[in-house]
Each structure stands twice: as C-alpha cells, then as structure tokens.
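S.K.: In this text, residue positions in the sequence shown follow my numbering: the first is 760, and each later residue adds one.
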Amino acid sequence: MEILILPTPADVGRAAAGVIAAVVANRPEAVIGLATGSSPQGIYRDLARRVDAGEIAFERARGFALDEYVGIPQEHPQSYASIIARDVVEPLGFDPSLVQVPDGRASDLDLAARQYQAAILAAGGIDIQILGIGTNGHIGFNEPTSSFASRTRIKTLALRTREDNARFFATPDEVPTHCLTQGLGTILDARALVLVAQGEQKADAIAAAVEGPVSAFVPASALQLHEHATIVVDEAAASRLRLTDYYRYTYDNKPKWQRTH
760 MEILILPTPA
770 DVGRAAAGVI
780 AAVVANRPEA
790 VIGLATGSSP
800 QGIYRDLARR
810 VDAGEIAFER
820 ARGFALDEYV
830 GIPQEHPQSY
840 ASIIARDVVE
850 PLGFDPSLVQ
860 VPDGRASDLD
870 LAARQYQAAI
880 LAAGGIDIQI
890 LGIGTNGHIG
900 FNEPTSSFAS
910 RTRIKTLALR
920 TREDNARFFA
930 TPDEVPTHCL
940 TQGLGTILDA
950 RALVLVAQGE
960 QKADAIAAAV
970 EGPVSAFVPA
980 SALQLHEHAT
990 IVVDEAAASR
1000 LRLTDYYRYT
1010 YDNKPKWQRT
1020 H
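#1: Where does Leu1021 land, buried or exposed, given buried means 16+ other C-beta within 10 angstroms?
#2: Taking the beta carbon of Val858 as the centre, do at least 16 other beta carbons fall within 10 Å, making it buried, or is it exposed?
#3: Select from Glu827, Lys1013, Ile887 and Glu788 the residue whose C-alpha is nearest the C-alpha of Asp854.
#4: Using 8 Å as the threshold, is the C-beta distance between Thr940 and Lys914 below it?
#5: With C-beta atoms as the reference, is Ala967 less than 8 Å away from Val953?
#6: Which whole-angstrom value is the C-beta distance of Ala872 and Arg912, which I expect to be below 8 Å?
#7: Report the partner residues of Leu952 according to the DSSP bridge assignment.
#8: Kindly give me the distance between the Cβ atoms of Ile879 and Leu890, rounded to whole angstroms, as I take these residues to be in contact under 8 Å.
#9: As an exercise, report each continuous beta strand (DSSP E) stretch of at least 3 residues that is fully enclosed by the stretch 892–964, in chain order.
#10: Can you tell which of Ser838, Thr1003, Gly884 and Pro972 has the C-alpha that lies nearest to the C-alpha of Leu947?
Next comes the structure, spelled out in structure tokens:
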C-alpha cells in the first residue's frame, strides 16, 4: 500500500483525482470502478474541474458502479443509478451507454449479479477502482466476514451500515436491507485501487485496514494483498495510524517520475 496523508478533505479529493486522471491520460478507454457515498465526492468534483479545463476527457472511458441498493426505484434520488448519473456521468462527460450499475430491481437478483460480474470480465476488467470505507471496515457493501474470494452478489446490509446511511433517507426505515455489490475478489482483481477517507469517524476503520491483521472481520484489510493500492486520507482519518511519520517520509522521498499527485 501507498499511504498518503493530507491536511484536508479537499486535498484528499484532488490527490485521488490525480491518480485516476493519470490512468485515463495513459488509456482514454480505461475501465473505472465507480464508488458512491460521501467519501468519493471530492474526487468527482476535482475530475469535473479537470474536464472543464480541458485537461482530461472521459468520453471513451467505461464505468462500473461498485454496488446498488435492492428494491428502490431507479429514479429514487438515493439509488446509486441516480447518483452515478447525477454526480459522475453528467459532470464528467461519460457516455451513458458505457456506464453500468448492478440491477437491484431485477426479478432474479442472483442472475443479475452473475451477469454484472460477466460484464466486468467482458470489458477486460477494471483498470482502477475507486473505494470509500465504512465505519465497520466494509468496502463496497462487503460487510464484515465477507469472503476475500467473493464476486458480485446480493448482500444483507449490516445494521451499522444502515444506520450510517440513514442520513441520506427521510427515515431510517427507508434504508434498504439488501444490495448487490462487487465482491472482495472482484475488487482485488482491479489493476489499481484508490481508497479515500476523511474525518475522525473513519480513523478506526483506516487503522484496522492499513495496520491491522488481514481479516475478513475488516473487509478493507484485503487491500493489503493488492500490489497497487493507494490509500488517501486526511489528518483526522489518519489519527489512529501508528506509522504516520514513515508514510510521510516515504512520500517525501518518492521519485518525481512516480508521482501522480
């Protein structure tokens, strides 16, 4: 892992956007794994700024959403299909036909999950996957004890996850109980990963994922097994890490040709 600790959430978004922009600059038809939630919003804002400035273009890029709720209408403002369209496809100029979201409204959810997994493989796999992290250490909606070999599938959301996401809905009861999510094995198949986290509420999860044992109890710890994972956090999210001096020293001494942020 490369651990990058930055002063503010805005700095986190800019740095992670730089990682993604470098991939798209080298391969305009790159396949990008798209996360939702509050953590990646700074990434998308900075990428939109780069698009508006003519620095980068996403017309040829493909996108695969990380997950989707089961059972809410596609037009619901908190469906991930709506969020991806509103926060990613439109401001970044993706071709909508090249962006896919798991079908959480399918009559056969198991089939929908398998078809989504097959679509990722047919696209050649994901070049760079954007990730946030839950307060219980989940990535995607892979809750604690998820298999590291898991592929796209239906999952039951943990109570803590539903409580954390209740702020996006009118009432806690409206938060769906199930989702379709890329599995940990699917995520680990991506050629590069960039995970972002901001705020004190994510500090314990970041410390467990980065410096704790590799354990299904902390799904994000699976990133320790990946050969190209970048973790970008602000000072608050890094506050439980023990080796912060080393991470800063490593970045400060990184050759310029290796830097994308």
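All residues carry an ideal CB built from backbone N, CA and C; glycine is no exception.
M.R.: In terms of the structure at hand:
#1: Nothing can be reported for residue 1021: it is not among the residues displayed for the chain, which extend from 760 to 1020.
#2: Looking up residue 858 in the sequence shown gives position 99. Burial call: buried.
#3: Within the sequence shown, residue 854 is the residue found at index 95, counting from 1. Residue Glu788 is the option with its Cα nearest to Asp854.
#4: Taking the sequence shown and counting its residues from 1, the one referred to as residue 940 is at position 181. Taking the sequence shown and counting its residues from 1, the one referred to as residue 914 is at position 155. Yes. Within cutoff.
#5: For the purposes of this step, residue 967 is taken as residue 208 along the sequence shown, with counting starting at 1. For the purposes of this step, residue 953 is taken as residue 194 along the sequence shown, with counting starting at 1. In this structure, Val953 does not lie closer than 8 Å to Ala967 by Cβ.
#6: Residue mapping note: residue 872 aligns to position 113 of the sequence shown, counting from 1. Residue mapping note: residue 912 aligns to position 153 of the sequence shown, counting from 1. Indeed they touch by this definition, with Cβ atoms about 5 Å apart.
#7: The residue labelled residue 952 in the question sits at position 193 within the sequence shown. Leu952 is bridged to Gln888 and Ala988.
#8: For the purposes of this step, residue 879 is identified with residue 120 of the sequence shown, where counting begins at 1. For the purposes of this step, residue 890 is identified with residue 131 of the sequence shown, where counting begins at 1. That belief does not hold up - the Cβ atoms of Ile879 and Leu890 are roughly 15 Å apart, past 8 Å.
#9: 912–915, 937–940 and 952–956
#10: Residue 947 sits at position 188 when you count from the first residue of the sequence shown. Out of Ser838, Thr1003, Gly884 and Pro972, Gly884 has the C-alpha closest to the C-alpha of Leu947.
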